[in-house]
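Numbering (my numbering), first residue to last: 4 to 607.
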């Protein structure tokens, strides 16, 4: 009586599932054979026995099945295999099959199958599914399996301090319940956007909530470096200064460049002063470890197989860990093709269809390569649930709460994409002459506070002030434009509150693209062509104007934002100082409809 997607989301986390049914923790190492990417060498204990085995890559199709094979070179077992199959029964029902097979090597293995290994039988997993069904129908939470010690006095003291922070206090009881009652696994790997989705709250609200919780000692912030291809964790650092410019992935056998927007993610862990939780691994290759992967198949040399997947609208990328090349597949309800053929040969990976119909898609798999192949079909937008370092470090609350968090001096790290905003004042020189240095200085400081408010409200962060100007950074082009528009639309009211003439105009410029993060006197800063262009674009604006680049105009979200306020951008071409090619820019005169003082000659 539970929809397929909900059953899948509960059972696909094999790390949590194995812990829940009481299986022991396991130590994993990537297989040293380069032809066995995705294989792991594992070691654990079953009672008094130390057991070693080779874990083959999981195979799965999202919302349909998963299975895994483990082979033992010695000891009481030859191999263990198992998994689940799901089939929808109407909109709200699921038929669940749990299967497993244990092949003993000797009488000791037979004895263990009857005693200790009972927990590895289908009955344990099936019982867990029944418990989940009961909780789901009752809209209740399942009790978690916890091992460590919980210090409730410290938990409540720190929560009380946090209540004084600018957060929604209604979240505190739910947060307390999670820190005190969730499993060790859940509280040692808190992903803010996943938590927000689970709680039905705004993602930035929960991210900011966790940042304040970090400051109050309820959780700790860790930066996890992830391989952008296989999603294996490569390194963990407590401060951005610990990040290196490159990392080695032993699974992919490749050195990857560290990118704050693509391979570094913020993870929160319960603080040991509140709760001592075990950081242990119970399964490493299950579907929950790579939720962006829709399907994964292991093909022996010469193997041919038919499978079926459920493809949602969007883009799927197909590739194999053991072969070159990839196939990009556009999925849409309007497409006609419902069959995909994948072939892996010594030449590389190839897919027969570029456009597929959303829904059930038949997949023909052919391995004409002499080696085993691990084929993956993954969503292109897998980072949607990751709070990347570029995003987290760009918001104002983070920069104010953790000013010491910056990349190491002399260690510049790439940021694949950021939006950069510059502002400046028109008429500020005349202002100093007319009202005096002290009042003019106070006005400039007030205008900084006004601008930072607009930046922070739209999930951006102030990088620095320069004279009368600011530089701000945003992870999203949409947010940068929303902040810029808010600055201009509210400027008239700001001047009225400050009792200043409308002769003082605000000039704003925005551009987005690749940048480089660096340490500027202990603070995180950015440089590169994108930053230079944003500064030059701002110089093209007059008072009351917002000028922005084609990279923003081409963003569908930005286009929708402009349409929602009835704004029409004027296109023009400009030669920007230090930039070789002429640039197509767009101008918005947002302030022109506001009350203005009698016209004067324009001041530069």
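No residue lacks a Cβ here, since even glycine has one placed at the ideal position from N, Cα and C. Keep in mind it's a predicted model, so treat the numbers as computed, not measured.
Coil, strand or helix - residue i by DSSP
i, result
"residue 540", "helix"
"residue 413", "coil"
"residue 603", "Caution is warranted here: a pLDDT of 33 is assigned to residue 603, below 50, making its placement in the model unreliable, and the coordinate value is therefore given only provisionally. Here residue 603 sits in coil by DSSP."
"residue 67", "coil"
"residue 556", "helix"
"residue 501", "helix"
"residue 472", "strand"
"residue 506", "coil"
"residue 246", "coil"
"residue 545", "coil"
"residue 281", "coil"
"residue 591", "strand"
"residue 396", "coil"
"residue 405", "coil"
"residue 168", "coil"
"residue 23", "helix"
"residue 598", "Here residue 598 scores only 41 on pLDDT, less than 50, and its place in the model should not be relied on; the value that follows carries that caveat. Residue 598 falls in the coil class under three-state DSSP."
"residue 39", "coil"
"residue 300", "strand"
"residue 437", "helix"
"residue 496", "helix"
"residue 158", "helix"
"residue 77", "coil"
"residue 534", "helix"
"residue 388", "helix"
Distance, residue j Cα to residue i Cα
i, j, result
"residue 517", "residue 419", "5 angstroms"
"residue 19", "residue 134", "15 angstroms"
"residue 345", "residue 72", "23 angstroms"
"residue 110", "residue 52", "14 angstroms"
"residue 355", "residue 366", "10 angstroms"
"residue 329", "residue 392", "27 angstroms"
"residue 84", "residue 15", "16 angstroms"
"residue 154", "residue 223", "16 angstroms"
"residue 534", "residue 288", "41 angstroms"
"residue 31", "residue 537", "47 angstroms"
"residue 235", "residue 59", "16 angstroms"
"residue 666", "residue 203", "An answer regarding residue 666 cannot be provided, because it is not within the stretch 4 to 607 covered by the chain."
"residue 399", "residue 426", "17 angstroms"
"residue 407", "residue 189", "28 angstroms"
"residue 285", "residue 39", "21 angstroms"
"residue 363", "residue 87", "19 angstroms"
"residue 281", "residue 24", "16 angstroms"
Distance cut-off 7 angstroms: residue i Cβ against heavy atoms of the ligand ZN
i, result
"residue 579", "No copy of the ligand ZN occurs in the structure displayed, which carries no ligand at all."
Best match in the options for proximity to residue i [C-alpha to C-alpha]
i, options, result
"residue 380", "492, 373, 84 and 297", "297"
"residue 470", "447, 455 and 460", "447"
"residue 165", "219, 503, 358 and 211", "219"
"residue 531", "125, 116, 542 and 515", "515"
"residue 138", "77, 9 and 560", "9"
"residue 350", "336, 325, 221 and 360", "325"
"residue 78", "17, 48 and 554", "48"
"residue 196", "371, 57, 23 and 209", "209"
"residue 213", "193, 108, 232 and 226", "193"
"residue 348", "505, 493 and 375", "375"
"residue 28", "187, 156 and 126", "187"
Boundaries (first-last residue) of the alpha helix (DSSP H) holding residue i
i, result
"residue 459", "440 to 460"
"residue 207", "206 to 218"
"residue 116", "110 to 117"
"residue 7", "7 to 14"
"residue 256", "No alpha helix (DSSP H) holds residue 256; DSSP gives it neither H nor E."
"residue 488", "480 to 492"
"residue 183", "175 to 184"
N- and C-terminal bounds of the beta strand (DSSP E) containing residue i
i, result
"residue 223", "222 to 229"
"residue 135", "Here residue 135 belongs to no beta strand (DSSP E); instead the alpha helix (DSSP H) covers 125 to 140."
"residue 376", "376 to 382"
"residue 352", "351 to 354"
"residue 619", "Any property of residue 619 remains undetermined from this structure, which presents the chain solely from 4 to 607."
"residue 529", "526 to 530"
"residue 239", "236 to 240"
"residue 576", "573 to 577"
"residue 372", "It is not in any beta strand (DSSP E) - residue 372 carries neither H nor E in the DSSP assignment."
"residue 307", "307 to 314"
8 angstroms contact criterion, which residue i and residue j should meet: CB distance rounded
i, j, result
"residue 68", "residue 99", "At roughly 11 angstroms, the Cβ-Cβ gap does not stay under 8 angstroms, so residue 68 and residue 99 are not in contact."
"residue 261", "residue 246", "6 angstroms"
"residue 588", "residue 550", "6 angstroms"
"residue 315", "residue 361", "6 angstroms"
"residue 243", "residue 396", "7 angstroms"
"residue 254", "residue 239", "So it is not a contact: roughly 17 angstroms between Cβ atoms."
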